[in-house]
Amino acid sequence: MEFDIGIFVQQLVNPSYLYGAFLSVAVAVLALVLATAVGFAVALGRTSQSRIAQGAAGFYTWFFRAIPALLVLLIIWNALPQLFPVLRQEWFSPFIAAFIGLGIVEAAFMAEIIRSALLSIDEGQNLAGRALGMSPAKVMVKVVLPQAIRIALPPTGNEFIGLVKFSSLASVISLQELLTTAQVGVNITFRYAEYYAAAIIYYLIIVSLLTLLQNYVEKKFLWTSRSKPKKPSTLEPIGQGVHA
Numbered sequence: 001m002e003f004d005i006g007i008f009v010q011q012l013v014n015p016s017y018l019y020g021a022f023l024s025v026a027v028a029v030l031a032l033v034l035a036t037a038v039g040f041a042v043a044l045g046r047t048s049q050s051r052i053a054q055g056a057a058g059f060y061t062w063f064f065r066a067i068p069a070l071l072v073l074l075i076i077w078n079a080l081p082q083l084f085p086v087l088r089q090e091w092f093s094p095f096i097a098a099f100i101g102l103g104i105v106e107a108a109f110m111a112e113i114i115r116s117a118l119l120s121i122d123e124g125q126n127l128a129g130r131a132l133g134m135s136p137a138k139v140m141v142k143v144v145l146p147q148a149i150r151i152a153l154p155p156t157g158n159e160f161i162g163l164v165k166f167s168s169l170a171s172v173i174s175l176q177e178l179l180t181t182a183q184v185g186v187n188i189t190f191r192y193a194e195y196y197a198a199a200i201i202y203y204l205i206i207v208s209l210l211t212l213l214q215n216y217v218e219k220k221f222l223w224t225s226r227s228k229p230k231k232p233s234t235l236e237p238i239g240q241g242v243h244a
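Using full-length UniProt numbering, you'd call the opening residue of the sequence shown number 1 and step up by one each time.
Structure (structure tokens):
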């Protein structure tokens, strides 16, 4: 069976592929938002002085780094509705199960990224902020986070690109994302090469655009951080300036 360029082109302009690509990106975006929120809380727990918080955060990181994302998706979609009847309602769709499952798994990895970024900020920054009368929360928001975000951006961008690809795992719970779209066509026509090649093109386009966006955001954020003029009331009197 030779490669049929006509079928390949037909699939490239097939609206089903475009919709599948949209679902893949949407799942990745929501999963990253959830992972960042949960990961930030876990990272704070890992860096906390409380042994209970450290233990709980450490357990979360260990547990979800050890379990395959595919298994988590199957548990959320198949097992949890058996235990919790509320999940048997129509509102609980494969899309919701997909971004929640991927999000809670990705949170374990985001927690390590955020924790590393927080620990990279000199402790003198916190002490200087407190000496200027800032509350711990204000020191975190005004001093630590702007610097930590700049450090965490590159690995976070890489994780997002990975999530787009991992969204293909949601095909096992019947989400009609990009890979599922290709697989449906293959099951009907048995034209593996043409349908999978079309999916590859879409993934290449998505990842290329996301890479360009990542590079733009990183350069923009770095330029903005460096272009901010220092104020006379910076942390210099304490002996530690806020790093650009």
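Ideal placement from N, C-alpha and C gives every residue a C-beta, glycine not left out.
Source: prediction; values computed, not measured.
Is the Cβ-Cβ distance between residue i and residue j less than 9 Å?
{"i": "L32", "j": "A97", "result": "no"}
{"i": "A43", "j": "I114", "result": "yes"}
{"i": "V186", "j": "Y196", "result": "yes"}
{"i": "I76", "j": "I100", "result": "yes"}
{"i": "G157", "j": "Q89", "result": "no"}
{"i": "A198", "j": "L12", "result": "yes"}
{"i": "T211", "j": "M110", "result": "no"}
{"i": "F95", "j": "V86", "result": "no"}
{"i": "V143", "j": "Q125", "result": "yes"}
{"i": "I206", "j": "S50", "result": "no"}
Among the options, which has the Cα closest to the Cα of residue i?
{"i": "R150", "options": "L118, A128 and M134", "result": "L118"}
{"i": "Q54", "options": "E112, L87, L83 and G20", "result": "E112"}
{"i": "F3", "options": "S208, L212, Y192 and Y216", "result": "Y192"}
{"i": "F63", "options": "A107, A41 and A21", "result": "A107"}
{"i": "K220", "options": "E159, P154 and A131", "result": "P154"}
{"i": "N14", "options": "S208, V217, I206 and A182", "result": "A182"}
{"i": "E218", "options": "V139, L204 and P146", "result": "P146"}
{"i": "A69", "options": "S48, Q10, R130 and A170", "result": "A170"}
{"i": "V38", "options": "F84, L102 and P81", "result": "L102"}
{"i": "F40", "options": "I67, I200 and S116", "result": "S116"}
{"i": "S48", "options": "S208, P136, A131 and Y216", "result": "P136"}
Report yes or no: is there a C-beta of chain C within less than 9 Å of the C-beta of residue i?
{"i": "Y17", "result": "The displayed structure is made up of one protein chain only, and chain C is not part of it."}
What is the C-beta distance between residue i and residue j, in whole angstroms, given that I count them as a contact (C-beta under 8 Å)?
{"i": "I161", "j": "L73", "result": "Actually they are not in contact, since the Cβ atoms of I161 and L73 sit about 19 Å apart, beyond 8 Å."}
{"i": "L178", "j": "Y17", "result": "7 Å"}
{"i": "L57", "j": "R65", "result": "In the sequence as displayed, the identity of residue 57 is Ala instead of Leu. In fact, because the Cβ distance is near 12 Å, the residues do not count as touching under 8 Å."}
{"i": "I121", "j": "A148", "result": "6 Å"}
{"i": "T189", "j": "G20", "result": "17 Å between Cβ atoms; not a contact."}
{"i": "E194", "j": "F8", "result": "4 Å"}
Notebook entry, point to check: If you pair each beta-carbon of the region 164-184 with each one of the region 20-30, do three or more pairs fall below 8 Å?
Noted result: Three or more Cβ pairs drawn from the region 164-184 and the region 20-30 lie within less than 8 Å of each other, which places the two stretches in contact.
Notebook entry, point to check: Fully enclosed by the region 170-220, which alpha helix (DSSP H) runs are 4 residues long or longer?
Noted result: 178-189
Note to self: Just to confirm the assignment: which complete alpha helix (DSSP H) runs, minimum length 4, are found wholly within the region 98-175?
What the structure shows: Correct list: 123-131, 136-139 and 145-166.
Note to self: If we require 4 or more residues per run, which alpha helix (DSSP H) segments fall completely within the region 15-77?
What the structure shows: 15-46, 51-66 and 69-74
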